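Visitor:
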Ligand SMILES: *Cc1c(COP(=O)(O)O)cnc(C)c1O
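Numbering (our numbering), first residue to last: 5 to 386.
(1) Among the residues of its own chain, which have a CB less than 8 Å from the CB of residue 74, if the five just before and after it don't count?
(2) So within the segment 132–190, which uninterrupted alpha helix (DSSP H) runs reach at least 4 residues, ignoring any that extend past its ends?
(3) Suppose the cutoff is 6 Å on Cβ atoms and the five residues either side in sequence are ignored; what does the same chain contact list for residue 63 look like?
(4) Check each residue's C-beta against every heavy atom of ligand 1 and list, in chain order, those closer than 6 Å.
(5) Under a three-way DSSP split, which group does residue 281 fall into?
(6) On a CA-only basis, which of 88, 36 and 126 is nearest residue 353? Give me that one, please.
(7) Flag this pair as yes or no: are the beta carbons of residue 295 and residue 143 separated by less than 8 Å?
(8) Along the chain, where does the beta strand (DSSP E) that runs through residue 64 open and close?
(9) Give the single residue among 216, 243 and 48 whose Cα lies nearest to the Cα of residue 27.
(10) Below 8 Å CB to CB, which residues in the same chain sit around residue 372 once its five sequence neighbours on both sides are set aside?
(11) Excluding five sequence neighbours on each side, which residues of the same chain lie with their C-beta closer than 7 Å to the C-beta of residue 54?
(12) Whole angstroms is fine: what's the gap from residue 77's alpha carbon to residue 138's?
(13) For my contact list, residue 40 and residue 47 are in at a C-beta cut-off of 8 Å; report their separation, rounded to the angstrom.
(14) In whole angstroms, what separates the C-alpha of residue 331 from that of residue 310?
(15) So residue 103 is in the beta strand (DSSP E); what residue range does that whole segment cover?
(16) Measure the beta-carbon distance from residue 152 to residue 117 and round it to whole angstroms, keeping in mind my assumption that it falls under 8 Å.
(17) Taking the beta carbon of residue 252 as the centre, do at least 16 other beta carbons fall within 10 Å, making it buried, or is it exposed?
(18) What distance in whole Å lies between the Cβ atoms of residue 125 and residue 286, which are believed to be in contact at a cut-off of 8 Å?
(19) In the structure shown, what three-state DSSP assignment does residue 221 receive?
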């Protein structure tokens, strides 16, 4: 059996271990410490645009705190991109609020500005103004932030950017994660950089970031004893994880470069297969970190390879690939929640596949994936 090729596996640089060792040597083994402060500073410097950052235990925790700080409460409605990982939508439910799902556009695969406005107008007609808009940059590709911010500003609804997959991407030369009233990042094991597990909340509003740090450490008031006037959470990042994060920040731009290289390599090598379409950057101004290289498989021809057959064929050679995110409005757990769209995300889900995309893949690995894809299509050629 050939060795396993993973979809996206952790890729440590030269310094991570030294930072972790420093944490051990100084006994900073806690959900606070100099690496947490240092990692936050690294992220603030990288994102610029007067942002403040709170390092947290996960991207999901960051999103939960964003909604709490925006005042989302039981019975409220929050608009959310339907095509995404469930972690984008779950925090809405944690607050007892209702998600209102919006379909994708063809160009970016992210939230359709057109259906966003239709959704807002319809919810307003029903007498409820959505409390927030959660927009996601899937696979590192920017959403159409110009249109989305225009609409959000027109109706005065705050945007929360789910940039969990998009650190290192930019839109019109502005880093993703700096457009929303608040933004979240994830450093889970398969993201472009990882702290093993972790996340961050980003905002230009310093009070909100201070509040996030307060809520994330059990909402402890200033007093010698344990005094509480708010419900708190245990959502802070550990100093060990932050040490890994500091090392990973040193190689972030290299990781983006390598993932973009993977995409170009696949695209050139598979150009001769007409059924395969690559997810292009819609126009200049869109710069994707290419967290995952994604393709659509047009199976309307009589060759009839669909994305599931291709996935299984790759699996036979010990290669991990994955369908695109199944839209939230099609998930049993969110049955009967409002949805505005025309079937674009459903169509993408049926045709889309994520290819192995790690920054630690070798040319040999990429060639093995390509060979298996080519052979799979060749096998059904008449
Ligand atoms: C990974 C991810 C999250 C959640 O981040 P965690 O750190 O795993 O909690 C949220 N949204 C999207 C789109 C993600 O890909």
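Every residue, glycine too, gets a C-beta built ideally from N, C-alpha and C.
These numbers come from a predicted model, not from an experiment.
Guide: Concretely, from the data shown:
(1) 135, 136, 162, 164, 185 and 186
(2) 149–159
(3) 168, 188, 190 and 203
(4) 62, 63, 64, 88, 89, 91, 92, 140, 166, 168, 169, 190, 192 and 203
(5) strand
(6) 88
(7) yes
(8) Unbroken run through residue 64 is the alpha helix (DSSP H), 63–73; no beta strand (DSSP E).
(9) 243
(10) 6, 9, 321 and 323
(11) 208
(12) 16 Å
(13) About 11 Å separates the two Cβ atoms, so there is no contact after all.
(14) 19 Å
(15) 102–106
(16) 6 Å
(17) buried
(18) About 25 Å separates the two Cβ atoms, so there is no contact after all.
(19) strand
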